[in-house]
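Trainee:
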Amino acid sequence: MMKRNLIYISFIFFLIVGIFVSITSHSSDKIFAEEPYTKKYNNDIFLSKLSKFLKIDKSELEDAIKKTKSEMIKEKSAKYVPSHKTHLKTEIEKALKNGEITPKQAKFKYMSINKNISDMKKNIHKLLNQGKITQEEAEDKIEFIEKKFSDK
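The sequence shown begins at 0 in numbering that gives the first Met the number 0 and counts up one residue at a time.
#1: Return yes when the Cβ of I141 is within less than 8 Å of the Cβ of K120, no when it is not.
#2: With a cut-off of 8 Å, do at least 3 Cβ pairs link the segment 121 to 130 to the segment 101 to 111?
#3: In terms of residue numbering, what span does the alpha helix (DSSP H) encompassing N128 cover?
#4: Within the continuous alpha helix (DSSP H) that includes D139, where are the two ends?
#5: Evaluate I144 with the Cβ neighbour count: other Cβ atoms within 10 Å of its Cβ, from every protein chain shown; 16 or more gives buried, anything less gives exposed.
#6: Under 8 Å Cβ to Cβ from L53, same chain only, skipping five residues before and after it: list those, please.
#7: Check E99 in the structure and name its three-state DSSP category.
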């Protein structure tokens, strides 16, 4: 009899806790949200408000932002004249010469460098195809990668 009462009391306790958790986890802001939270939605609102504040057309503002991004990419690529890939190859050759890595490990590291460069270019093309960047931005990014990781 005592065990049966303990089981009933435990069942009622967990039922009440479950109902409490269920009620408190559903807040009114989740139920009555009118607009979904998305980065694009928030970005559009921001650009609209900023264009009104600056008293310019939203499309002009978007063009100015794209041109600024492109210019910054070009400036950044100009700063990386010494090749990062050449530096990495020098480090691999030094480690190979000092016996820190085997020729097989060195070959694997060279292949990894080339694969990473290829993957970066593929990602840029993917962003271009998804419409997340423009053709000019894609070309600038690829140019930056080629300058940074050239063998020269």
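Every residue gets a Cβ at the ideal spot worked out from N, C-alpha and C, and that includes glycine.
Remember, it's a predicted structure, so these values are computed and weren't measured experimentally.
Mentor: In short, the structure shows the following:
#1: yes
#2: no
#3: 102 to 128
#4: 134 to 147
#5: buried
#6: L60
#7: coil
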